[in-house]
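Some notes on the structure that comes next.
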Amino acid sequence: MADLLITGGAGYIGSHACLVLLEAEHRLVVLDNFSNSSPESLQRVQELAGARAETRLRVIEGDIRSAADLERAFGAGPFEAVIHFAGLKSVADSVANPLRYWDGNVVGSQRLLAAMAAHGCKSGVFSSSAAIYGNSEAVPIGETAPVQPINPYGHTKAAVEQLLADVVASGPGWRVACLRYFNAVGAHPSGRIGEAPQQVPCNLFPLLVQVAAGMREQLTVYGADWPTADGTGVRDYIHVLDLAEAHRAALDLLLGEPPQELVLNLGSGVGHSVLEVIQAFEATTGMAVPYGLVDRRPGDSASSVADPSQASQRLGWRTQRDLPTICRDCWSWHQANPQGYGPPSAPKPAPPKRVP
Ligand SMILES: NC(=O)c1ccc[n+]([C@@H]2O[C@H](COP(=O)([O-])OP(=O)(O)OC[C@H]3O[C@@H](n4cnc5c(N)ncnc54)[C@H](O)[C@@H]3O)[C@@H](O)[C@H]2O)c1
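Okay, so the sequence shown: first residue is -14 according to the working numbering, each after it adds one.
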């Protein structure tokens, strides 16, 4: 049992990780400014974790860029480790607002690390991203593939990794894991917590469920001429609970072994094309997903699939949930929460169509 500070714990991945960490008996303080989440997610985490976890989750509203907010959070410690999810994650938004992304992701992480150092907390798990690999030619992508991000979001994640490497090299005692996530998808099977985008989504799964639910007419598929088996882009989709469990395993390793820096890809190692995802979703849920093929989108790549063998060796972890499970859990979550955690105020969707 450890005392942990979780930044961004109310968000999509953070909320699932909080549940898994509570189930592993840890005590959590979440620091979140709710800029892309709702306190409701953590109420539901508490509900799912049950009475045994009642006193082990505390929530502090605050911003990782604010020294005063960080002091308040660390005042609730001492913490054995920080798990740092807080950050901004939209590639498109980062292209339009790079200053915001460098501030939220890089300045925020720098201030968090300064607070950790000041409070003698030298262990941390950090959310990195496959975006740091850019258009990698390696398939699958191992951790030694070149770091060559192609957008401001990826630049900020690569910059934070560099900052962490510099901090680890600066003196003894730091225990750091940089976890490079591939595409996080799915939801808790209860349908109580899941991804609740506050803006118009630009990722495949949130759009796909909205089309299936009749909230959008059709799914736009960007590019049918990629050098892949069916011409559509291939990605490595990882269930958010598999991702959450990898955080628990990384934390156990960091706290149980001598100080070190771990850099690990988190993915399933299996790629699925957009058309395969649509077919799997229709087959699993019985719901039709009309789609239209259009030209490639600038900045996209043909294929991005992890080589997760390092994570498997170091953490004794591998993904447990397949594409049909991902589709089923996404759909259950969306059906129960068509407006995410928000009030049901959006216009009523058209009736969805079943697969004929
Ligand atoms: N979702 C993915 O597929 C994916 C892939 C790779 C990496 N990541 C990274 O994983 C992390 C979590 O992603 P997510 O999908 O859960 O995103 P999310 O937006 O759902 O969660 C991020 C959380 O951080 C909070 N937050 C943002 N800025 C903050 C600040 N300055 N101070 C305090 N709280 C702040 C938000 O309110 C939100 O609750 C992010 O750093 C993201 O870049 C996500």
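Where a beta carbon is used, it is the ideal one built from N, C-alpha and C, also for glycine.
If you run the structure through DSSP and keep just helix, strand and coil, what is G199?
What you label residue 199 is simply residue 214 of the sequence shown in a count that begins at 1. In this structure, G199 counts as coil in the three-state DSSP scheme.
Supposed contact pair Y166 and D285 - C-beta distance, whole angstroms, cut 8 Å:
As a working mapping, residue 285 is identified with position 300 in the sequence shown. As a working mapping, residue 166 is identified with position 181 in the sequence shown. Not a contact, Cβ separation roughly 18 Å.
Could you give the residue range of the beta strand (DSSP E) that holds H66?
Position 81 of the sequence shown, counted from the start, is the residue given in the question as residue 66. Note that residue 66 corresponds to Ala in the displayed sequence, not to His. Taken as a continuous stretch (DSSP letters only), the beta strand (DSSP E) holding A66 covers A66 to H69.
Please indicate yes or no: does the CB of R50 lie closer than 7 Å to some heavy atom of ligand 1?
Here the question's residue 50 lines up with position 65 in the sequence shown. Because some heavy atom of ligand 1 lies under 7 Å away, the Cβ of R50 counts as near it: yes.
Inter-residue spacing [alpha-carbon to alpha-carbon] between I45 and N18:
Start at 1 with the first residue of the sequence shown, and residue 45 comes out as number 60. Start at 1 with the first residue of the sequence shown, and residue 18 comes out as number 33. If I take the Cα positions, the gap works out to 8 Å.
Enumerate in chain order the residues of its own chain whose CB-to-CB distance from Q320 is below 8 Å, with the five nearest sequence positions on each side excluded.
Translated into positions along the sequence shown, residue 320 becomes position 335. Same-chain partners within the cutoff: G176 and A198.
Between the Cα of L73 and those of G(-7), L193, V248 and L300, spot the shortest distance and give me the residue it belongs to.
Along the sequence shown, one-based indexing puts residue 73 at 88. Out of G(-7), L193, V248 and L300, G(-7) has the C-alpha closest to the C-alpha of L73.
Out of A150, L84, D151 and G119, state which residue places its alpha-carbon closest to the alpha-carbon of N136.
Position 151 of the sequence shown, counted from the first residue, corresponds to residue 136. N136 has its Cα closest to that of G119, out of A150, L84, D151 and G119.
Limits of the alpha helix (DSSP H) - the one that D227 falls within:
Within the sequence shown, numbered from 1, the residue matching residue 227 stands at position 242. It spans V225 to G241 - the alpha helix (DSSP H) in which D227 sits, taken as one unbroken run.
Nearest to E180 (by Cα), restricted to the options L33, W318 and I(-9):
Locating residue 180 in the sequence shown gives position 195, where the first residue counts as 1. Among L33, W318 and I(-9), the Cα nearest to that of E180 is on W318.
Stretch-stretch touch, CB-based, cutoff 8 Å, three pairs: the segment 149 to 164 with the segment 244 to 255:
yes
Quick one: Cα of E267 to Cα of V340, how far?
As a working mapping, residue 267 is identified with position 282 in the sequence shown. As a working mapping, residue 340 is identified with position 355 in the sequence shown. The straight-line gap from Cα to Cα measures roughly 7 Å.
Rounded C-beta distance between A172 and V219? I'm assuming under 8 Å.
Mapped onto the sequence shown, residue 172 falls at position 187. Mapped onto the sequence shown, residue 219 falls at position 234. That belief does not hold up - the Cβ atoms of A172 and V219 are roughly 23 Å apart, past 8 Å.
Sub-8 Å separation of L(-10) and L7 beta-carbons
For the purposes of this step, residue -10 is taken as the residue at position 5 of the sequence shown. For the purposes of this step, residue 7 is taken as the residue at position 22 of the sequence shown. No; because the gap between Cβ atoms is not below 8 Å, this pair is not in contact.
Please find out if some non-hydrogen atom of ligand 1 comes closer than 7 Å to the beta-carbon of I68.
What you label residue 68 is simply residue 83 of the sequence shown in a count that begins at 1. No, ligand 1 has no heavy atom inside 7 Å of this Cβ.
Assigned secondary structure, E246 (DSSP; H/G/I helix, E/B strand, else coil)
Within the sequence shown, the letter at position 261 stands for residue 246. E246 falls in the strand class under three-state DSSP.
Taking just the CA atoms, how far does Q147 sit from P134?
Working through the sequence shown from its first residue, we reach residue 134 at position 149. Working through the sequence shown from its first residue, we reach residue 147 at position 162. Roughly 13 Å between the two C-alpha positions.
For the segment -4 to 4 against the segment 60 to 70, are there 3 or more C-beta pairs whose distance is under 8 Å?
yes
Can you tell me the Cα-Cα spacing of A331 and A130, whole angstroms?
On the sequence shown, position 346 is the one that residue 331 refers to. On the sequence shown, position 145 is the one that residue 130 refers to. Its pLDDT being 44, under 50, A331 is placed unreliably in this model, and the value from its coordinates should be taken loosely. For A331 and A130, the distance between alpha carbons rounds to 44 Å.
Do V14 and A61 have their C-beta atoms within less than 8 Å of each other?
Taking the sequence shown and counting its residues from 1, the one referred to as residue 14 is at position 29. Taking the sequence shown and counting its residues from 1, the one referred to as residue 61 is at position 76. Yes, Cβ-Cβ distance for V14 and A61 is below 8 Å.
Cβ separation of L98 and L164, assumed to be a contact under 8 Å, to the nearest whole Å
As a working note, residue 98 is residue 113 in the sequence shown. As a working note, residue 164 is residue 179 in the sequence shown. 16 Å between Cβ atoms; not a contact.
Among W316, Y326 and S289, which has the Cα closest to the Cα of N123?
As a working mapping, residue 123 is identified with position 138 in the sequence shown. Residue identity check: residue 123 is Ala in the sequence provided, not Asn. If we check each option's Cα against that of A123, S289 comes out closest.
Check whether the Cβ of S112 sits closer than 7 Å to any heavy atom of ligand 3, and report yes or no.
Ligand 3 is not part of this structure, which contains only ligand 1.
Whole angstroms are fine: how far does the CA of R201 sit from the CA of K333?
Position 348 of the sequence shown holds residue 333. Position 216 of the sequence shown holds residue 201. Bear in mind that a pLDDT of 47 at K333, under 50, signals an unreliable position, so the number given afterwards is only what the model happens to contain. So the alpha carbons of these two residues sit roughly 11 Å apart.
Excluding the 5 residues preceding and the 5 following D280 in the sequence, name in chain order all residues of the same chain whose CB lies nearer than 8 Å to its CB.
To locate residue 280, count along the sequence shown from 1; it is residue 295. The answer, listed in chain order, is Y207 and G208.
If you drop the 5 nearest sequence neighbours on each side, which residues of the same chain put their C-beta closer than 6 Å to that of V170?
On the sequence shown, residue 170 is found 185 positions in, with the first residue counted as 1. Taken in chain order, the residues that qualify are F190, Y222 and I311.
Please determine, among I178, P309 and T269, the residue with the shortest C-alpha to C-alpha distance to Q31.
Residue mapping note: residue 31 aligns to position 46 of the sequence shown, counting from 1. Among I178, P309 and T269, the Cα nearest to that of Q31 belongs to I178.
Short Cβ contact (8 Å threshold) for T304 with S253
In the sequence shown, the residue the question calls residue 304 occupies position 319. In the sequence shown, the residue the question calls residue 253 occupies position 268. For T304 and S253, yes; Cβs fall inside 8 Å.
Should Q295 and L236 be called a contact, given that it needs their Cβ atoms to be closer than 8 Å?
The residue given as residue 295 occupies position 310 in the sequence shown. The residue given as residue 236 occupies position 251 in the sequence shown. No, Cβ-Cβ distance for Q295 and L236 is not below 8 Å.
Mind checking whether V274 and V196 have CB atoms under 8 Å apart?
Here the question's residue 274 lines up with position 289 in the sequence shown. Here the question's residue 196 lines up with position 211 in the sequence shown. Against a cut-off of 8 Å, the Cβ pair of V196 and V274 comes out as a contact.
If distances are taken between C-alpha atoms only, which option among R57, A9, L4 and R43 comes closest to L33?
Here residue 33 refers to the residue found at position 48 of the sequence shown. That would be L4, whose Cα lies nearest to the Cα of L33.
For C315, count neighbouring C-beta atoms within 10 Å of its own C-beta (all shown protein chains included) and say buried if the count is 16 or more, exposed if not.
By 1-based counting over the sequence shown, the position of residue 315 is 330. C315 should be labelled buried.
I think W302 touches A234, with their Cβ atoms under 8 Å apart; what is that distance to the nearest whole Å?
For this step, residue 302 is matched to residue 317 along the sequence shown. For this step, residue 234 is matched to residue 249 along the sequence shown. Contact flag correct, Cβ pair sits at about 5 Å.
Residues that I126 bridges to, as DSSP identifies them
Taking the first residue of the sequence shown as 1, we reach residue 126 at position 141. Paired residue(s): A291.
Measure the C-alpha to C-alpha separation of V225 and V262 and round it to an integer number of angstroms.
Reading the sequence shown from its first residue, position 240 is the one you call residue 225. Reading the sequence shown from its first residue, position 277 is the one you call residue 262. So the alpha carbons of these two residues sit roughly 16 Å apart.
Checking 8 Å against the spacing of the C-beta atoms, do R50 and V92 come in under that value?
In the sequence shown, the residue the question calls residue 50 occupies position 65. In the sequence shown, the residue the question calls residue 92 occupies position 107. Closer than 8 Å, so yes.
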